[in-house]
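A short worksheet on the structure shown next.
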């Protein structure tokens, strides 16, 4: 009897026929043929088929998974601090920051749909080995930093809901188990997993809307805060935080992969246009909802704590207690409402972090690992340092706040290394074919990227200027800054060479399609 073949845990780069992909063909949601279409003349002629509500429903999902990064515990902490310290005055900035985030995520979706590959895979092919490995390391650091905040946020929620019986470290252990829940759900298909995330987003919306109703913020001040821009030297740090939290590096990689969960015929220009249209609609709806939820959190803390003595001391760890002291019990204590919303935010964002980690590792390194092994590696990278944090800082609010500032800095550092490759690739005709972005959108996108990078640069400058207190540390920071700026210049110059080279050569037809 011949020995049975076993599936390997890992296949390296040399195995070209087994190249890493975001989704296998049997995992994708079937779109072609819906509404009785045969693959039709519209798509063959280069025109998108007529609008269909049924198709919009089938395309709905990736944008909502992506939007969870706009609602993670780190963002919620930025919201509550902006509300407590700046009141309603930064709501206009929250709106425009969300709009900038929408633009970046639409570009990530465009890249994934038009090429059939996600950002990490394309970076692997477009950059030399040293650069792509450095980009991978940067992306992993950004993911770990975000994941620590998300897991700690979830652990804080568990501590609140257990009345302090479960310490922070036990909440971390419980949250770590979500990767196995994720694997279990993924076996039942993409749509089942998306439904679970929809429930978690709905839980956040209900919890924070309930808090909004309980505290009754001023409607007039809310509208004025959205419509009239205000910024003062006293609130500049919160303003930088509002913008800096919105664009998260790992989320750009994630969204470019999530859009490939739908079956799209890349040989037909009309089908690609159709997918871009539906993804644009659902992504916009998802981020409008995330803006409303962030608005609820900001206004609740603006109403309760703006101008008070405790405004500058409120953080994620003590926010629930301050709410309870301010608003009391009620029918359902506001402390537990806050805990439920925070738990939904933490759990959903940690699972999407696991998802993003799989795409980043698989895309950059072209490693075909079994799903359980990839999830275990990705989760361990965050859980081990998070457990150390939880054991060390369980009862130290001040120390946890300092750690959170360092984690924000860590993620801010990584932003150029997701944005610049994205903008270079979506501008490249050799990659995008007729779906490359035009001059107006390109200019707008680069201006937004420059603004976001500059704002985060200010955050870094402000942070390190207050932290540097020795010549040795100052020398290390200067050396790091020089290398950092040099790599950014390299990425930008590489993007310029992309376009120059493409202008001399023949454009590549996307995925050997009928796109002209």
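Numbering (the UniProt record's numbering), first residue to last: 1 to 516. Beta carbons: idealized from backbone N, C-alpha and C, even for Gly.
Straight-line Cα distance separating residue j from residue i
i: residue 70; j: residue 415; result: 15 Å
i: residue 176; j: residue 290; result: 25 Å
i: residue 473; j: residue 458; result: 19 Å
i: residue 351; j: residue 254; result: 12 Å
i: residue 152; j: residue 269; result: 45 Å
i: residue 147; j: residue 139; result: 12 Å
i: residue 307; j: residue 297; result: 17 Å
i: residue 281; j: residue 54; result: 13 Å
i: residue 517; j: residue 446; result: Because the chain spans 1 through 516 in this model, residue 517 falls outside it and cannot be assessed.
i: residue 218; j: residue 212; result: 10 Å
i: residue 448; j: residue 456; result: 12 Å
i: residue 145; j: residue 93; result: 24 Å
i: residue 495; j: residue 419; result: 12 Å
i: residue 486; j: residue 425; result: 20 Å
i: residue 279; j: residue 165; result: 44 Å
i: residue 552; j: residue 167; result: Absent from the structure is residue 552, since the part of the chain shown begins at 1 and ends at 516.
i: residue 109; j: residue 257; result: 8 Å
i: residue 129; j: residue 101; result: 29 Å
i: residue 180; j: residue 432; result: 36 Å
i: residue 476; j: residue 483; result: 11 Å
i: residue 469; j: residue 462; result: 13 Å
i: residue 154; j: residue 403; result: 16 Å
i: residue 310; j: residue 163; result: 23 Å
i: residue 223; j: residue 325; result: 27 Å
i: residue 365; j: residue 312; result: 44 Å
i: residue 174; j: residue 429; result: 47 Å
Close beta carbons around residue i, own chain, < 7 Å, minus the five adjacent residues each side
i: residue 143; result: 250, 353, 356, 357, 360
i: residue 198; result: 64
i: residue 89; result: 225, 230, 235
i: residue 320; result: 160, 335, 338, 339
i: residue 523; result: Any property of residue 523 remains undetermined from this structure, which presents the chain solely from 1 to 516.
Residue of the options minimising C-alpha distance to residue i
i: residue 60; options: 484, 260, 363, 367; result: 260
i: residue 106; options: 192, 435, 210; result: 435
i: residue 288; options: 409, 99, 310; result: 99
i: residue 79; options: 243, 419, 307, 262; result: 243
i: residue 300; options: 209, 479, 424; result: 209
i: residue 232; options: 102, 372, 85; result: 85
i: residue 200; options: 386, 452, 48, 345; result: 345
i: residue 68; options: 194, 322, 366; result: 194
i: residue 460; options: 487, 258, 237, 362; result: 237
i: residue 30; options: 125, 50, 56; result: 56
i: residue 348; options: 25, 24, 72; result: 72
i: residue 82; options: 132, 173, 241; result: 241
i: residue 135; options: 191, 310, 363; result: 363
i: residue 187; options: 24, 286, 77, 245; result: 24
i: residue 465; options: 453, 428, 481; result: 481
i: residue 441; options: 488, 493, 331, 427; result: 427
i: residue 227; options: 437, 388, 91; result: 91
i: residue 97; options: 430, 189, 451; result: 451
i: residue 422; options: 196, 247, 239; result: 247
i: residue 115; options: 267, 137, 133; result: 267
i: residue 411; options: 252, 117, 170; result: 252
i: residue 58; options: 28, 48, 66, 77; result: 28
i: residue 453; options: 409, 170, 292; result: 409
Nonlocal neighbours in the same chain, by C-beta distance under 8 Å from residue i, ignoring five residues either side
i: residue 327; result: 214, 215, 304, 334
i: residue 87; result: 221, 225, 302, 306, 307
i: residue 314; result: 80, 81, 84, 301, 305, 322
i: residue 127; result: 135, 421, 494
Range covered by the alpha helix (DSSP H) that runs through residue i
i: residue 355; result: 334–365
i: residue 133; result: 129–161
i: residue 174; result: 168–176
i: residue 544; result: Shown here, the chain extends from 1 to 516; a query on residue 544 therefore has no answer.
i: residue 423; result: 416–426
i: residue 214; result: 190–215
i: residue 27; result: Element bounds for residue 27: n/a, residue is neither H nor E.
i: residue 431; result: 429–432
Close-in-space but distant-in-sequence residues of the same chain around residue i (CB under 6 Å, 5 per side omitted)
i: residue 275; result: 113, 264
i: residue 516; result: In this prediction, residue 516 has a pLDDT of 35, which is less than 50 and means its spatial position is unreliable; what the coordinates show is noted afterwards. Taken in chain order, the list of residues that qualify is empty.
i: residue 491; result: 420
i: residue 207; result: 337, 340, 341
i: residue 203; result: 344
i: residue 386; result: 148, 151, 172
i: residue 47; result: 270
>> What ranges does the alpha helix (DSSP H) occupy inside the region 220–284, keeping only unbroken runs of at least 4 residues that lie completely in it?
In response: List check, alpha helix (DSSP H) in window: 236–246, 249–258.
> Along the chain, which unbroken stretches of the alpha helix (DSSP H) at least 4 residues long are found entirely within the region 59–141?
Replying inline: You should have 62–67, 73–86, 91–115, 119–126.
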